[in-house]
Amino acid sequence: MQHVTLNNGVRMPILGFGVYQIPPEQTEQAVTDALAAGYRLLDTAASYGNEEAVGHAVKASGIPREELFVTTKLWVQDAPAQDNTRRALETSLTKLGLDHIDLYLMHQPFGDVYGQWRAMEAANREGLAKAIGVANFHPDRLLDLVFNNEITPAVNQIETHPFFQRTTDHDLMREHGVQHQAWGGFAEGRNNLFTHPDLTEMGEAHGKSAAQVVLRWLIQRDIVTIPKSVSPDRMAQNMDVFDFSLTDGQMARIAALDTGTTLFFDHHDPEMVTWLSKRRLAG
Ligand code: NAP
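Note that the sequence shown ends on residue 278 in the numbering used here; no numbers are left out.
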């Protein structure tokens, strides 16, 4: 497995397994299958409701803790967020059955962002979170966070796929030492990504699928990616992307697919800001 080194020296696999939208009752099996397929980076979140199931699969696997890289995410907290954030992290650790998390991400750039971040910084200093980062931060919010806090986020996990490539965000993150991580690397199959003629044709040239071309394209851009699948065959396929390289011409052909806009929702849209800011997790 190829790794990236985060801005605090922590090493992170460049390819992992995401569990968003896997129902809790299916998650233990999916994570068990993913670990058997060789995944060592697991990406969950308090808001996915499946941290406990991830924890059961991790424990049952018997894989040494130091070989695993587990990410979870803090949901939006009201001000003053420092105590709430600490409690939320402790709840996630209990559900996961872990004494530390490898990467703790602020899930949304909303709520008491600075209170949340300072509590995350404290957790990082205590070793409860080996690295801390954010998700869904546009450049303006990210830079403001970087300029007004001690610890620069190690990671920003943002929607990134061939139809929304985030090149400006990528360059800015690189300049500030923030690792780009893709969510929705397959755009959840939107725009017929898995049968897209260009991606399929490029895959055929390498004996690979369109999905594998997309993962390879992300890896060649030094973007950490966490494809989700409940199918062991597709999990194996998604891991099998380290034995070929896309040419410069193929990278350029994929670059031409960028539409520059989200296929999901815009974190600048007042309706989305309102919905995400007001949503609270039960318990
Ligand atoms: P995704 O990985 O882009 O796409 C998942 C979809 O692709 C599923 O429907 C899956 O179906 C299908 N699939 C997977 N491999 C395939 C293959 N080789 N061929 C054909 N179909 C395939 O979507 P995502 O789950 O939204 O994103 C990935 C991860 O990013 C999430 O699981 C989560 O950990 C993270 N995420 C984070 C945020 C955030 O706000 N920070 C938001 C969204 C997601 P099957 O399961 O049936 O194979």
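Yeah, the Cβ is synthetic: ideal placement off N, Cα and C, and Gly gets one too.
Spatial distance of residue i from residue j (CA atoms)
i	j	result
residue 1	residue 27	27 angstroms
residue 83	residue 69	7 angstroms
residue 147	residue 102	16 angstroms
residue 57	residue 220	24 angstroms
residue 267	residue 250	28 angstroms
residue 239	residue 203	9 angstroms
residue 44	residue 234	25 angstroms
residue 275	residue 34	31 angstroms
residue 232	residue 195	15 angstroms
residue 263	residue 137	13 angstroms
residue 78	residue 59	31 angstroms
residue 3	residue 99	14 angstroms
residue 229	residue 93	28 angstroms
residue 106	residue 76	8 angstroms
residue 205	residue 191	7 angstroms
residue 134	residue 167	7 angstroms
residue 201	residue 119	42 angstroms
Where the alpha helix (DSSP H) containing residue i begins and where it ends
i	result
residue 109	108 to 121
residue 190	Per DSSP, residue 190 belongs to no alpha helix (DSSP H) and is neither H nor E.
residue -2	Per DSSP, residue -2 belongs to no alpha helix (DSSP H); it is in the beta strand (DSSP E), -2 to 0.
residue 228	227 to 234
residue 135	134 to 142
residue 265	265 to 273
residue 27	19 to 32
residue 54	46 to 56
residue 248	243 to 250
Cross-strand partners of residue i (DSSP beta bridge)
i	result
residue 67	99
residue 156	159
residue 8	-2
residue 128	100
residue 219	176
residue 150	174
residue 13	38
Endpoints, beta strand (DSSP E) assigned at residue i
i	result
residue 177	174 to 178
residue 78	Counting along the chain, residue 78 falls outside any beta strand (DSSP E), though it belongs to the alpha helix (DSSP H) covering 76 to 91.
residue 38	36 to 38
Expected contact under 8 angstroms - CB spacing of residue i and residue j to nearest Å
i	j	result
residue 179	residue 156	6 angstroms
residue 25	residue 225	5 angstroms
residue 154	residue 12	With a Cβ gap of about 18 angstroms, residue 154 and residue 12 do not count as contacting.
residue 131	residue 158	The pair is not a contact, with the Cβ atoms about 17 angstroms apart (cut-off 8 angstroms).
residue 23	residue 48	4 angstroms
residue 214	residue 10	7 angstroms
residue 91	residue 66	No, residue 91 and residue 66 are not in contact; Cβ-Cβ is about 10 angstroms, not under 8 angstroms.
residue 188	residue 209	7 angstroms
residue 140	residue 129	7 angstroms
residue 15	residue 273	Wrong, their Cβ atoms sit about 20 angstroms apart, outside the cutoff.
residue 341	residue 50	What the structure shows of the chain is the stretch from -4 to 278, and residue 341 is not part of that stretch, so it cannot be assessed.
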